[in-house]
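Below: one structure, written as structure tokens.
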Amino acid sequence: MEAKNYKVLLFLLLIVLCSSCNEKPVGVNSFDIVEKVVVYDSIFADKDVPLGSVRDMSIANNILVLRHINDDYQFSFIDVAKRKMVSRWGTVGEGPDEFIDFGSDFFVRDSLLVFLTSAKKEINYVSLPDILSHRQSISIRKEKYPYNVDFRPRKICPVNDKKIAIGSFSKGLFGILDANNEIIDTSFDLPFLCDEVQNIDKGSIFQSLAGSNNRKNRFVLSILSSDIFEIYEMTDTGVYKIYTSTFQHVPQIWKKGERYAIDYDKSIAGLMKMAVSNEFICFTYSSQSYTEASKSGKVSNEVLCFDWNGEKIKKYILPFSISNICLDNNYIYAIRYVDDETVIYRFKL
């Protein structure tokens, strides 16, 4: 009798093992909770003051900050409550309150607009209240950051008193700077194998987006042309990886002359735009190839929402395709291009 029971248990165990072997991994865009958004409102349209193409956006204290491609100003500031533009700022030049360049990313931290001047290897901290009040003399603080043959940051993301550097490094996927902008040793690698590419070249080929959560001392990196993102936490003793997405689409590469490059025809657009708040991490997502998605401006009507542990919260299906996004505690704000207008909408989280 005992032998018979043993055989039955063994048979059931084999069934469980076989069924688990046949299960396919759940993709990053597969959610239990999916909401088709039908309620939304328009915050602003650039009928009177053309914004041009918006490169990035953020929100702080009910002020939307837009970084756009414009001949006159780099940034526009929109009061969400008043639904109107309240300031424009940021001119290229070498005069007072001008900058040779404005880097590729910006962040808003503690009422400061933070961006790089790549040509001078400087981090700029500009008073947001001074910009909004149109002060003639704006408070600007500058810090030098390290740049050498082994450490080549292109983007810097603040995380409390430290900074995450995104770029090309002889060791690791990213770099870390302490409060004095000294390099902290770290060596996290890509979450997939790519032995043919030297480490110093990985950052320029497999480019990333970064966002941070000061409250939890965490940051997130997403790898472009893929469905991969990772969450890390910084402590007094080091940096620890919290989560890696269940990815199915790594960026495909090909050799272009003597160098490797992303094969955009064979790589998906995947996780495109990223936005973070204290509670959530959100991405726009497309399963199209990067090439196909680029033809339509890399827009999408899918927004994937995760918490800072990597848990899936909700997938939003929007009534139309959008480009850039940002978050506060209550809303997703999004850019939509309608004919010749740039329109900002918001959707309830």
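Positions -23 to -1, 1 to 326 (mature numbering (1 follows the signal peptide of the UniProt record, and there is no 0)) are the ones given, in order, by the sequence shown.
Each residue gets a CB set at the ideal place from its N, CA and C atoms; glycine is no exception.
These numbers were taken from a predicted model, which means no experiment stands behind them.
- In this structure, DSSP gives Pro106 a helical state, which the three-state scheme calls helix.
- Membership of Thr268 in the alpha helix (DSSP H) is indicated by the continuous run Tyr267 to Lys272.
- Ile294 is classed as exposed because its beta carbon has fewer than 16 other beta carbons within 10 Å across all chains shown.
- In this structure, the alpha-carbon of His45 lies about 6 Å from that of Gly29.
- Given a length threshold of 4 residues, each whole run of the alpha helix (DSSP H) inside the segment 162 to 225 is given here in chain order: 176 to 182.
- Taking the CA atoms as reference points, Ser116 sits about 45 Å from His226.
- By the Cβ-count criterion, Tyr217 is exposed, with fewer than 16 other Cβ atoms from all chains shown falling within 10 Å of its own Cβ.
- Gln113 and Lys291 have their alpha carbons spaced roughly 45 Å apart.
- Taking the Cβ atoms as the reference, Val16 lies roughly 7 Å from Lys325, within the contact range of under 8 Å.
- Per DSSP, the unbroken beta strand (DSSP E) holding Lys13 starts and ends at Val11 to Lys13.
- Look at Ser30 here: in three-state DSSP terms it is coil, with no helix or strand label.
- In the DSSP assignment, Gly152 falls within the unbroken beta strand (DSSP E) covering Gly152 to Leu154.
- Of all C-beta pairs linking the segment 168 to 179 to the segment 241 to 249, fewer than three are shorter than 8 Å, placing the two stretches out of contact.
- Separation of Ser189 and Lys140 (C-alpha to C-alpha, rounded to the nearest whole angstrom) is 10 Å.
- Taking the C-beta atoms as reference points, Ser202 is found nearer than 8 Å to Tyr267.
- With contacts defined by Cβ atoms closer than 8 Å, Ile36 and Leu109 do not form a contacting pair.
- Judged by DSSP secondary structure, Asn278 falls within the beta strand (DSSP E) whose first and last residues are Ser277 to Asp284.
- Nearest neighbour of Ala58 by Cα position, chosen from Val136, Ile153, Ser19 and Lys272, turns out to be Ser19.
- Our two residues, Asp25 and Asp317, have alpha carbons roughly 12 Å apart in a direct line.
- Within the same chain, Asn278 and Arg313 come within 7 Å of Phe297 by CB-CB distance, once the 5 residues on both sides are set aside.
- In the three-state reduction of the DSSP assignment, Ala58 falls in the coil class, being assigned neither a helical nor a strand state.
- Counting other Cβ atoms within 10 Å of its Cβ, Gly274 stays below 16 and is therefore classed as exposed.
- Asp155 counts as exposed, since fewer than 16 other C-beta atoms from the protein chains shown sit within 10 angstroms of its C-beta.
- Glu71 has its alpha-carbon roughly 36 Å from the corresponding atom of Arg236.
- In the DSSP assignment, Gly144 falls within the unbroken beta strand (DSSP E) covering Lys139 to Phe146.
- The alpha-carbon of Ile230 is positioned some 16 Å away from that of Ile205.
- A direct Cα-Cα distance of roughly 16 Å separates Ser7 from Ile258.
- Beta-bridge analysis with DSSP links Ile160 to Leu154.
- The residue from Ile219, Lys179, Cys303 and Ile200 with its alpha-carbon nearest to that of Asn194 is Ile219.
- Residue state for Lys243 is assigned as coil, using DSSP reduced to three classes.
- By the neighbour-count criterion, in which a residue is buried when 16 or more other Cβ atoms sit within 10 angstroms of its Cβ, Thr319 is buried.
- Leaving aside the five residues that flank Leu89 on each side, the residues in its chain whose CB is nearer than 7 Å to its CB run, in chain order, Tyr102, Val103, Ser104 and Leu105.
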